[in-house]
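Asks: Residue numbers (the working numbering): 285 to 629.
Beta carbons are placed, not taken as given, at the ideal position from N, Cα and C, and that holds for glycine.
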Amino acid sequence: MKRMKFIAFALLLLSLTALAACGNSNSETPANGGTNAGANAGNGSSDTQEAPAGGSIRLGLVGGGMTPMVAQVGISDGSYEKAGIKIEEKDFTAGADMVQALVGGSLDVVLGSYEHVLRQQQNGLGVKAYGEIFNGVGYSLIVKKDAPYQSLKDLKGKTLAVTKVGSLSDTGLREGLKQEGLDPEKDVHLINGGSGATMLAAIESGQAAGGMVSEPTISQMLASGDYRVLYDPPFDFAGIVIMAKTDWVAKHQDLMKQFLQVTADVNEQAHQNPAGAVAAMQKIFDKIPQDVMKTAVNNQLGKVPDGLQVTKDGADYVQKTQLDQGILKKEIAFEDAVDLSLLPH
Numbered sequence: 285m286k287r288m289k290f291i292a293f294a295l296l297l298l299s300l301t302a303l304a305a306c307g308n309s310n311s312e313t314p315a316n317g318g319t320n321a322g323a324n325a326g327n328g329s330s331d332t333q334e335a336p337a338g339g340s341i342r343l344g345l346v347g348g349g350m351t352p353m354v355a356q357v358g359i360s361d362g363s364y365e366k367a368g369i370k371i372e373e374k375d376f377t378a379g380a381d382m383v384q385a386l387v388g389g390s391l392d393v394v395l396g397s398y399e400h401v402l403r404q405q406q407n408g409l410g411v412k413a414y415g416e417i418f419n420g421v422g423y424s425l426i427v428k429k430d431a432p433y434q435s436l437k438d439l440k441g442k443t444l445a446v447t448k449v450g451s452l453s454d455t456g457l458r459e460g461l462k463q464e465g466l467d468p469e470k471d472v473h474l475i476n477g478g479s480g481a482t483m484l485a486a487i488e489s490g491q492a493a494g495g496m497v498s499e500p501t502i503s504q505m506l507a508s509g510d511y512r513v514l515y516d517p518p519f520d521f522a523g524i525v526i527m528a529k530t531d532w533v534a535k536h537q538d539l540m541k542q543f544l545q546v547t548a549d550v551n552e553q554a555h556q557n558p559a560g561a562v563a564a565m566q567k568i569f570d571k572i573p574q575d576v577m578k579t580a581v582n583n584q585l586g587k588v589p590d591g592l593q594v595t596k597d598g599a600d601y602v603q604k605t606q607l608d609q610g611i612l613k614k615e616i617a618f619e620d621a622v623d624l625s626l627l628p629h
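1) Figure out for me which residue from Phe519, Gln553, Thr530 has the closest Cα to the Cα of Thr605.
2) Could you check the C-alpha separation between Leu436 and Tyr515 for me, to the nearest Å?
3) Please classify Gly610: is it buried, with 16 or more other beta-carbons within 10 angstroms of its beta-carbon, or exposed?
4) Evaluate contact between the region 532–552 and the region 337–344, counting only Cβ atoms and requiring at least three cross-stretch pairs below 8 Å.
5) Specify the secondary structure class of Val383 as computed by DSSP and reduced to three states.
6) Taking C-beta to C-beta, are Tyr398 and Gly523 nearer than 8 Å?
7) Flag this pair as touching only if the region 544–552 and the region 347–367 have three or more C-beta atom pairs under 8 Å; answer yes or no.
8) What is the DSSP secondary structure of Gly396, counted as helix, strand or coil?
9) Quick one: grab the DSSP three-state call for Ile475.
10) With which residues is Asn341 paired in a DSSP beta bridge?
11) Let me know the beta strand (DSSP E) ranges lying completely inside the region 503–560, each 3 residues or longer, listed in chain order.
12) What do you reckon, are the CB atoms on Asp375 and Gly347 nearer than 8 Å?
13) With distances taken from CA atoms, which of Asn419, Ala492, Pro589, Leu484 is nearest Val472?
14) Where does Lys412 sit, in a helix, a strand or coil, going by DSSP?
15) Using DSSP bridges, identify the partner residues of Ala445.
16) Which two residues bound the contiguous alpha helix (DSSP H) that contains Lys429?
17) DSSP three-state call for Ile616: helix, strand or coil?
18) Counting Cβ pairs, one atom from each stretch, are 3 or more of them under 8 Å apart for the region 372–386 and the region 495–511?
19) Give every residue of the same chain whose Cβ lies closer than 8 Å to the Cβ of Ala321, excluding the five residues on either side of it in the sequence, and list them in chain order.
20) Assuming the contact rule is C-beta atoms closer than 8 Å, Leu612 and Leu402 should be a hit. Round their C-beta distance to whole Å, please.
21) Okay, do the region 411–419 and the region 525–535 touch, 3+ Cβ pairs below 8 Å being the bar?
22) So for Ile572, helix, strand or coil by DSSP?
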């Protein structure tokens, strides 16, 4: 019976993983199985250089997960459209590819991890964060319910799976291990586990003692009764930010202000009416049961910072991890990487 339950659950995750993998730099429909989420997207990469407030935004996000949930809700429920903003949504499977599209000029705004802002600043490119829609790493370490581990310390000598070594899930786990006095390079073995069904298989087969998983997969796995969260990174960490090139923002300041205003309004409304946010997200993740999606949405709402503010502490923490890993060669001033002046007050 348990074997049949696992197979059914794995097939569901496999379908979501396959759909998520369809996202790429040319996609204008979601990569995560929704039927209506791309309804507000445009039919091509139209030039937005002359667009006034209420114009078009070519928006990039990584499909398959819920860290950019606030914007996903706004697209799905038509909030941006009602405000006169035409969102041309383009889904990606990797944040690095998405940011390259931003730098290359085929995207206007990107919802991605703050570490990319720092890297582009180091490269001398004018990319800044203008708000934050998810604070934290966005991944939790999941283990089997009957696993003997009670803390990260118990994982010394074990193999652990991250989505990809060098990714945000990898960074979050490494920081947690170091806080527990473990050396991520010597005391554990980190492997690429992917996401969805591939990550589930790594944990279930015993290839990995645990794996870093994001929503809605976290809520799905917990709902099965076979898994539990061993570690949820608790630190203030600038996660998913609203980033854009400074020269684009200079030409479209009113449009950027309006986009930020609508995003903040969507967040406020989602807190007041979580059921509406659940309904909007189920249009995107149409294979997720309502009760599971409700849990996932509530978890995500708790990670959206007040007023979409990027905190200096959160930004500094990200910078510390990048310096420690040797990715950044020198510190970058907060004001050089972040501009909060366009957020609603």
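Replies: With the given structure in hand:
1) For Thr605, the closest of Phe519, Gln553, Thr530 by C-alpha to C-alpha distance is Phe519.
2) Between Leu436 and Tyr515, the alpha-carbon positions lie close to 7 Å from each other.
3) When all chains shown are included, Gly610 counts as exposed.
4) With the rule of 3 Cβ pairs closer than 8 Å, the region 532–552 counts as touching the region 337–344.
5) Looking at Val383 - three-state DSSP - the assignment turns out to be helix.
6) Taking the C-beta atoms as reference points, Gly523 is found nearer than 8 Å to Tyr398.
7) As far as the Cβ criterion goes, the region 544–552 touches the region 347–367, which means the pair count is three or higher.
8) In this structure, DSSP gives Gly396 an extended state, which the three-state scheme calls strand.
9) Strand.
10) Checking the displayed sequence, the identity of residue 341 turns out to be Ile instead of Asn. DSSP output for Ile341 lists Ile371 as bridge partner(s).
11) Runs of the beta strand (DSSP E) inside the region 503–560: 511–515, 522–529.
12) Yes, they are a contact pair.
13) Closest by C-alpha distance to Val472, out of Asn419, Ala492, Pro589, Leu484, is Ala492.
14) In the three-state DSSP reduction, Lys412 falls in the strand class (E or B).
15) The partner list for Ala445 (beta bridge, DSSP) reads Ile475, Gly495.
16) Premise fails: Lys429 is in no alpha helix (DSSP H) and is neither H nor E.
17) Here DSSP, grouped into helix, strand and coil, assigns Ile616 to coil.
18) With the cut-off at 8 Å, the region 372–386 and the region 495–511 do not touch.
19) Any answer about Ala321 is weak, because its pLDDT of 36 lies below 50 and its placement is not dependable; what the coordinates show is given next. Beyond the five residues adjoining it in sequence on each side, Ala321 comes within less than 8 Å, by CB distance, of Thr313, Pro314, Gln356, Ile359, Ser360, Glu373, Lys567, Ile568 in the same chain, given in chain order.
20) The pair is a contact, with the Cβ atoms about 6 Å apart (cut-off 8 Å).
21) The region 411–419 vs the region 525–535: in contact.
22) In this structure, Ile572 counts as coil in the three-state DSSP scheme.
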